[in-house]
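Residue numbers (UniProt numbering): 1 to 157.
No residue lacks a Cβ here, since even glycine has one placed at the ideal position from N, Cα and C.
All values derive from a computational prediction rather than experimental measurement.
Remarks on the structure that follows.
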């Protein structure tokens, strides 16, 4: 397959350096409004060309990069560094919305998630025991037998 000059192809540059360089207008035969419109168009084209050049310069081809391999000691250093930063944010109050979704006692969530699930019979037993404990707490009654505060040496009226 042969690509003629001027036809786009996979090897064609995104921006043609000749088309983006703007020639200076000659003022010899230009008339007021016509010259102003063409000047505005060139300013707009210049701005668009600048944007295209900036975008072409900022594009990062992620497919050409190889996978980044981190050594274990560097991984541990980064983990320690990020943990310190998170602690600093939580102390300063900047991370008020940051909360772990795990209970306080779980230090290794992968172990909890890898464990076999709780059976329905165990869940039913836990629910039944919790209901019994709740009922027992509601039935607790305090009987008043003596005063909590006893005054010594003060006559009782």
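In this structure, does DSSP put residue 115 in helix, strand or coil? Coil at residue 115, not helix or strand.
Among the residues of its own chain, which have a CB less than 8 Å from the CB of residue 147, if the five just before and after it don't count? Non-local beta-carbon contacts of residue 147 in its own chain, meaning distances under 8 Å to residues more than five positions away in sequence, are absent.
Where do the N-terminal and C-terminal ends of the alpha helix (DSSP H) with residue 129 fall, by residue? 120-138 is the span of the alpha helix (DSSP H), which, as asked, contains residue 129.
Are the beta-carbon atoms of residue 112 and residue 118 separated by less than 9 Å? Contact flag unset, no.
Pick helix, strand or coil for residue 105, following the three-state DSSP scheme. Judged by DSSP in its simplified three-state form, residue 105 adopts coil rather than helix or strand.
Helix, strand or coil: how does DSSP classify residue 151 here? Look at residue 151 here: in three-state DSSP terms it is coil, with no helix or strand label.
Contacting residues, own chain, Cβ-Cβ under 7 Å from residue 109 (five flanking each side not counted): If we look at residue 109 and ignore the five residues flanking it on each side, its Cβ neighbours are 102.
Which class does residue 2 belong to by DSSP, given the choice of helix, strand or coil? Any reading at residue 2 is ruled out, since the residue's pLDDT is 48, under 50, leaving its predicted position unreliable.
Length of the line joining the Cα atoms of residue 81 and residue 91: Each residue's Cα considered, the two are about 15 Å apart.
Can you tell me whether residue 69 is helix, strand or coil according to DSSP? Coil, per DSSP.
Cβ of residue 70 within 9 Å of Cβ of residue 78? Judged by their CB atoms, residue 70 and residue 78 are nearer to each other than the 9 Å cut-off.
Quick check: the Cα distance between residue 23 and residue 58, rounded to an integer number of angstroms? At residue 23, the pLDDT of 48 sits below 50, so the modelled position is not reliable; the number obtained from the coordinates is stated separately. Spanning the two alpha carbons is a distance of roughly 26 Å.
DSSP three-state call for residue 142: helix, strand or coil? When secondary structure is reduced to three states using DSSP, residue 142 falls in the coil class, being assigned neither helix nor strand.
Through-space distance from residue 44 to residue 192, alpha-carbon basis: Only positions 1 to 157 of the chain appear in this structure, which leaves residue 192 out of reach.
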